[in-house]
Amino acid sequence: MHWCSWDSLCKAKDDEGLGFRDFGAFSKAMLAKQCWQLVHNPNSLVASVMKSCYYPQTSFLNAKKSSPGSFLWSSLVWGRELVEKGSRWRVGTGQSIKIYKDRWIPRL
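Residue numbering for the sequence shown follows the numbering used here, beginning at -10 and increasing consecutively.
Structure (structure tokens):
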């Protein structure tokens, strides 16, 4: 029996790997996708339940991580950080942007 590193197993088949998925990266991507859904569908059932439990006075992007929060909430906060790294505001009228807090200039 030959042993192979996980990194070589996760390479594409064209690159002499077996094409396994990197489950860490896949998990991060799925959390970020759920966070994106909470931001873009704030009237969905899941978003309404999460808002009533964890951020009733603010939006998902501005919610604080509460210490007695559930594993789900902690994971979503972590996923939100991933979404924030890859997103920025599109400046329209500028009424909802907090100029010193929000990322609205690319690569800053």
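Glycine residues also receive a C-beta, built at the ideal position from the N, C-alpha and C atoms.
At a Cβ-Cβ threshold of 7 Å, Ala14 and Gly8 do not count as neighbours. Taking C-beta separations shorter than 8 Å and ignoring five residues to either side along the sequence, the partners of Leu71 in its chain run Lys17, Leu20, Ala21 and Cys24, following chain order. Under the three-state reduction of DSSP output, Arg79 falls in the coil class, being neither helix nor strand.
Burial check for Phe60: the Cβ neighbour count within 10 Å stays below 16, so the residue is exposed.
Per DSSP, Phe9 lies in no alpha helix (DSSP H) and is assigned neither H nor E.
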